[in-house]
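Per this note's numbering, the sequence shown starts with residue 353, numbered consecutively. We treat Cβ as the ideally placed atom computed from N, Cα and C, and that holds for glycine.
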Amino acid sequence: MNRALPVVRLRVPTDEDALSWHRVFDDPDVMEFHGGRSAELSAYEELTARQRRHDAEHGFCLWTMLDRDDRVIGFTGAQPWPQQWGPEGEIEIGWRLGREHWGQGYATAAAQMTLERVRAAGVPGVVAMVDARNARSIAVTERLGMRLAEVFTVPESQREGRCYRLAW
353 MNRALPVVRL RVPTDEDALS WHRVFDDPDV MEFHGGRSAE LSAYEELTAR
403 QRRHDAEHGF CLWTMLDRDD RVIGFTGAQP WPQQWGPEGE IEIGWRLGRE
453 HWGQGYATAA AQMTLERVRA AGVPGVVAMV DARNARSIAV TERLGMRLAE
503 VFTVPESQRE GRCYRLAW
């Protein structure tokens, strides 16, 4: 039986969201597959500013994810794959969620909204790059209908990374 997904809202990140992202992601469990610890606040300030520019130029970005009470609980969205390896030139979707919100369907609900928005922006398909040990994110890709396409050794960590694809 499929349960109903929670109410989630996406917005283009504000200046204030940099602090919220820093606070929500300052948890070793959240950052386990993203370097192990939260970035400095200045990195989130730069990231939110870059996402505002990206949304203005392309119609999509990493959006701030809000729960039904308008609390910042993470981000989800899409952007060009930034590395010189892997799916160069393709649009990657991704999500990061505060620990207290895991297991409630927020990542899936927000990722589904992301797919609708990038499709509306004319993107022909997306990839999701996931650490092979990240069972929760792999489950989200599967719920979205994505399929494993390639396996990589991530240069920075020498760990296995998986590329999931979805075209429409």
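Three-state class that DSSP yields for residue i in the structure shown
i: A491; result: helix
i: R389; result: coil
i: D369; result: helix
i: A408; result: helix
i: R517; result: strand
i: M353; result: Only weak support is given to the placement of M353: the predicted model assigns it a pLDDT of 49, under 50, and the value that follows is read from those uncertain coordinates. The answer is coil: DSSP assigns M353 none of H, G, I, E or B.
i: L496; result: coil
i: E452; result: helix
Host alpha helix (DSSP H) of residue i (start-end)
i: M465; result: Y458 to A472
Beta-carbon proximity list for residue i, same chain, < 6 Å, skipping 5 on both sides
i: C515; result: P439, V479, M481, A501 and E502
i: Y396; result: A370, W373 and H374
Same chain only: Cβ atoms within 8 Å of residue i, ignoring 5 sequence neighbours per side
i: M353; result: For M353, the predicted structure reports a pLDDT of 49, less than 50, and the residue's modelled location is therefore unreliable. The matter cannot be settled from this model.
i: V475; result: F412, A430 and I443
i: R511; result: D483, A484, R485 and T505
Separation of residue j from residue i, as counted between CA atoms
i: I490; j: G477; result: 18 Å
i: G513; j: E442; result: 16 Å
i: V470; j: H410; result: 9 Å
i: G455; j: A463; result: 14 Å
i: G457; j: M383; result: 19 Å
i: V506; j: A484; result: 10 Å
i: E468; j: W520; result: 11 Å
i: A408; j: T493; result: 27 Å
i: R405; j: R495; result: 30 Å
i: M498; j: I445; result: 11 Å
i: D378; j: P365; result: 18 Å
Where the beta strand (DSSP E) containing residue i begins and where it ends
i: Q431; result: V424 to P432
i: M417; result: L414 to L418
i: G477; result: G477 to D483
i: W447; result: I443 to L449
i: M361; result: Looking at the sequence shown, residue 361 is not Met but Arg. Residues R361 to R363.
Other residues of its chain near residue i: CB distance less than 7 Å, five sequence neighbours each side excluded
i: V376; result: V424, I425, G426 and G450
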